[in-house]
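S.K.: Submitted below is the structure of interest, expressed as structure tokens.
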Amino acid sequence: MKKYYSEEMQKDTPYRAGFLSGIEEFLQSAKEKATKNREQFITPNAYKAAPESYREKFKDMLGFPLREKREMPSVEKIFVCEDGNVNLYRMSFSFTNGLRYYGLYFKQKENSEEKPFVFGFHGGAGTPELVSSLHLNSTNYNHLVRRLTDRGASVFAPQLLLWKTDDYGNAYDRLETDGRLRQLGGCITALEIYLMQCALDCFLANENVNENKIGVAGMSYGGMYAINFAAADTRIKACYSSSFVCDVFQWVKDDWSYQNAQNTFAIAETAALIAPRPLVVAMGVNDPAYQKGTDNECQRMLPYYQAFDKIENFKYMTFEGVHEVDKNDEELEFLLNALR
């Protein structure tokens, strides 16, 4: 048998190291150029002059199916119980294209049409039941949904594609689903915002929700969805985002890395699309995300509110905590005062 040349594997290690370091150097250089591009793409005055143009560009970045005509789904509303000042329902939405959506609805018993209506979002490994204190005493959500309902808000807590399958079963692969949506020109964020918008259509049509008193609140991934939903849909009048805001170009996650985002919309620019509507951002100082650029991103949000002369509508708060919802109530009161 013919003998071919061979050598120790370590001999080519420096070449792989050079290949890898070259990619890192290239990406760092491209990131620096993209930052300059983003600074030219959107400024506070440019956004103030054409907010809807930037909102459409944001939706283009997220992609399919946000550009699709929204369908009014059929709704199944199942009464669960009376619980204090609210009635609890399970809401199931069915679409002709096969989509399903689900969430818990806490409806104020008295004068619900005059009360704030808030989407309450769970985070990674969560469920509507968890953020609503039905399971495990709410864990690090610190009773987010029930603190809202106790203060007079009706709350819809939807299921996101983020539950912990070891606890809840129904195995799925979020990143694979995101990849399949990217092949169609979209992403999982776009799909879930589309579902949120369709659900809101239903609530406005059927549940006497006051269109001037709609808010969003969420922690971690839920904080991401709160900002992105409010950025995409001006029917959201106020936003509370906890334990999410950071430099996502430092802390890269596949399912919140969007086509051309470095050149267009970082978190600060996305949150800017909420201006001049009220926005409160909160972060525990012992949360790992806090070390990933939270202060800088929030400082970059402020000029957009200054451009509208609405600096009072932006609040950034830190608290002594970890990856959790602040146990103090100032952020909740800021949100609800904006909706009353």
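The numbering of the sequence shown is the working numbering, which starts it at 12 and goes up by one. Heads up, the beta-carbon is just placed ideally off N, CA and C, and yes, glycines get one too. For clarity, every value in this text was computed on a predicted model and none was experimentally measured.
1) Do you know whose CA, among G295, Y315, P25, lies nearest K338's CA?
2) Kindly provide the ranges of any beta strand (DSSP E) runs that are 3 or more residues long and lie completely inside the stretch 287 to 340, ordered along the chain.
3) Is the beta carbon of D258 sitting closer than 8 Å to the one on G304?
4) Would you mind reading off the limits of the alpha helix (DSSP H) that contains A136?
5) Leaving out five residues before and five after L73 in sequence, what residues of the same chain have Cβ atoms less than 8 Å from its Cβ?
6) Is it buried or exposed, V227, if we count other Cβ atoms within 10 angstroms and call 16 or more buried?
7) Given a cut-off of 8 Å on the beta-carbon distance, is the pair E124 and N219 in contact?
8) Would Y232 and L141 be called neighbours here (beta carbons separated by less than 8 Å)?
9) I'd like the ranges of any alpha helix (DSSP H) spanning at least 4 consecutive residues and lying wholly in the stretch 93 to 172.
10) Which partner residues does G197 have in the DSSP bridge list?
11) Between which two residues does the beta strand (DSSP E) holding M230 run?
12) Since Q317 contacts P55 with CB under 8 Å, what's their CB separation in whole angstroms?
13) On the three-state DSSP scale, how would you describe K59?
14) Just tell me which of T160, L77, T107 has its CA closest to the CA of L115.
15) Are the stretch 272 to 288 and the stretch 68 to 85 in contact at 8 Å, needing three or more beta carbon pairs?
16) Cutting at 8 Å between CB atoms, please list the residues of its own chain near N96, excluding the five before and the five after it.
17) Nearest CA to the CA of R78: which residue from N223, Q208, K175, R158?
18) Ignore the nearest five residues each way along the sequence and tell me which others in C92's own chain have a CB closer than 7 Å to its CB.
19) In or out: V291 buried (at least 16 other Cβ within 10 Å) or exposed?
20) Taking just the CA atoms, how far does K80 sit from D189?
21) Quick check: what's the CA-CA separation for S40 versus N221?
22) Please name the residue or residues paired with V86 in a DSSP beta bridge.
23) Per DSSP, S253 forms a beta bridge with which residues?
24) If we count the other Cβ atoms within 10 Å of its Cβ and call it buried at 16 or more, is E342 buried or exposed?
25) In this structure, what does DSSP give as the bridge partners for W262?
26) Judging by CA-CA distance, which residue of S252, R351, F319 is the nearest neighbour of Y58?
27) Closest by CA to I225, which one among M83, V156, T245?
28) Taking the alpha helix (DSSP H) that G29 falls in, what are its first and last residues?
29) Please list, in chain order, all residues of the same chain as V156 whose beta carbon is under 6 Å from its beta carbon, the five residues on each side excluded.
30) With Y179 as the anchor, note down where its alpha helix (DSSP H) starts and where it stops.
31) Please identify the residue among C250, A237, L215 whose C-alpha is closest to the C-alpha of P289.
32) I'd like to know if Y251 contacts chain C, where contact means its C-beta is closer than 8 Å to some C-beta of that chain.
M.R.: Looking at the atomic coordinates:
1) Stepping through the sequence shown from its first residue, residue 338 is reached at position 327. The shortest C-alpha separation from K338 is found at G295.
2) 290 to 295, 325 to 330
3) As a first step, residue 258 must be located in the sequence shown, where it is residue number 247. As a first step, residue 304 must be located in the sequence shown, where it is residue number 293. In this structure, G304 lies closer than 8 Å to D258 by Cβ.
4) Position 125 of the sequence shown, counting from 1, holds the residue named residue 136. No alpha helix (DSSP H) contains A136, which DSSP labels as neither H nor E.
5) Within the sequence shown, the letter at position 62 stands for residue 73. For L73, where only same-chain residues beyond five positions count, the Cβ hits under 8 Å are G197, C198, T200, A201, I204, N239, A243, Y269.
6) Numbered from 1 along the sequence shown, position 216 holds the residue referred to as residue 227. V227 comes out buried.
7) Residue mapping note: residue 124 aligns to position 113 of the sequence shown, counting from 1. Residue mapping note: residue 219 aligns to position 208 of the sequence shown, counting from 1. Yes, the pair counts as a contact, with Cβ atoms nearer than the cut-off.
8) In the sequence shown, the residue the question calls residue 232 occupies position 221. In the sequence shown, the residue the question calls residue 141 occupies position 130. Their beta carbons are not under 8 Å apart, which means Y232 does not touch L141 by this criterion.
9) 139 to 142, 155 to 161
10) Residue 197 sits at position 186 when you count from the first residue of the sequence shown. Answer is F75, bridged to G197.
11) The residue given as residue 230 occupies position 219 in the sequence shown. Residues 225 to 230.
12) As a working note, residue 317 is residue 306 in the sequence shown. As a working note, residue 55 is residue 44 in the sequence shown. About 7 Å; that satisfies the 8 Å criterion.
13) Mapped onto the sequence shown, residue 59 falls at position 48. Helix, per DSSP.
14) The residue labelled residue 115 in the question sits at position 104 within the sequence shown. Measuring from the Cα of L115, the nearest candidate turns out to be T160.
15) yes
16) Locating residue 96 in the sequence shown gives position 85, counting from the first residue. Closer than 8 Å at Cβ, skipping near neighbours: Q119, K120, E121, T160, D161, G163.
17) On the sequence shown, position 67 is the one that residue 78 refers to. That would be Q208, whose Cα lies nearest to the Cα of R78.
18) For this step, residue 92 is matched to residue 81 along the sequence shown. Excluding residues within five positions, the ones whose Cβ falls inside 7 Å are L99.
19) Translated into the one-based positions of the sequence shown, residue 291 becomes position 280. Buried: at least 16 other Cβ atoms inside 10 Å.
20) Along the sequence shown, one-based indexing puts residue 189 at 178. Along the sequence shown, one-based indexing puts residue 80 at 69. Near 21 Å, if we compare the C-alpha coordinates of K80 and D189.
21) Stepping through the sequence shown from its first residue, residue 40 is reached at position 29. Stepping through the sequence shown from its first residue, residue 221 is reached at position 210. If I take the Cα positions, the gap works out to 48 Å.
22) Walking along the sequence shown from the start, residue 86 turns up at place 75. For V86, which the question treats as bridged, DSSP gives the partners F104.
23) For this step, residue 253 is matched to residue 242 along the sequence shown. According to DSSP, S253 bridges with M230, A293.
24) Counting from 1 along the sequence shown, the entry for residue 342 is found at position 331. Buried, since its Cβ has 16 or more Cβ neighbours within 10 Å.
25) On the sequence shown, residue 262 is found 251 positions in, with the first residue counted as 1. The partner list for W262 (beta bridge, DSSP) is empty, contrary to what the question assumes.
26) Walking along the sequence shown from the start, residue 58 turns up at place 47. When each option's Cα is compared against that of Y58, the closest is F319.
27) Reading the sequence shown from its first residue, position 214 is the one you call residue 225. Taking only the C-alpha atoms, the option nearest I225 is T245.
28) Mapped onto the sequence shown, residue 29 falls at position 18. Here the alpha helix (DSSP H) through G29 covers 24 to 52.
29) Translated into the one-based positions of the sequence shown, residue 156 becomes position 145. Result list for V156: G131, V142, S143, V166, A168, in chain order.
30) As a first step, residue 179 must be located in the sequence shown, where it is residue number 168. Start and end: 176 to 179.
31) Within the sequence shown, the letter at position 278 stands for residue 289. Considering only alpha carbons, the answer is C250.
32) Structure shown: chain C not included; a single protein chain is present.
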